[in-house]
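Below is one structure; the comments refer to it alone.
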Amino acid sequence: MLVLIENNAKQGAVSEDFDAEYKQLFEQINELKTAKIQMVQAQKQAENYKERVDQLDKAITTVNPQVREFDQDLVKRLISSIKVHKGMRLEIQFHSGIVVKQEVDYYE
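Taking the numbering used here, the leading residue of the sequence shown gets 37, the next gets one more, and so forth.
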């Protein structure tokens with residue numbers, strides 16, 4: 037790009053060739069900047085996924101599969117929200133995005 041500017045300065049006049057080449061280089065620079073931003077975002081997302089997988093892997097190795105009592109820490113790590121709807125229907129949303137809907141029988 038500097039070569040283009042130097043050549044244009046030596047000619048002493050604004051040429052349309054210079055403008056076209058400058059515009060093309062400017063567009064290429066913007067495309068590269070956009071591609072770089074997208075790549076950085078993809079890398080951050082991959083790092084977040086890896087961190088989440090590592091957390092889940094750690095949770096799986098520390099949890100006893102024969103849990104016989106309520107584990108508040110486990111619930112907080114796995115479940116994002118629990119909603120109770122009319123008709124005794126529960127909707128459980130996990131941090132992973134899975135949603136489970138369950139009818140609950142109620143006896144007095």
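Virtual Cβ for every residue (Gly too), placed ideally from N, Cα, C.
Bear in mind the structure is a predicted one, so any value in this text is a computation, not a measurement.
As assigned by DSSP and simplified to three states, the class of residue i
i    : result
K122 : coil
I128 : strand
I134 : coil
E57  : helix
E105 : coil
7 Å Cβ cutoff met for residue i and residue j
i    : j    : result
V136 : I128 : yes
V111 : L126 : no
From the options, residue whose alpha carbon lies closest to that of residue i
i    : options                  : result
I118 : F106, H131, D93 and D109 : H131
L92  : M124, Q81 and L114       : L114
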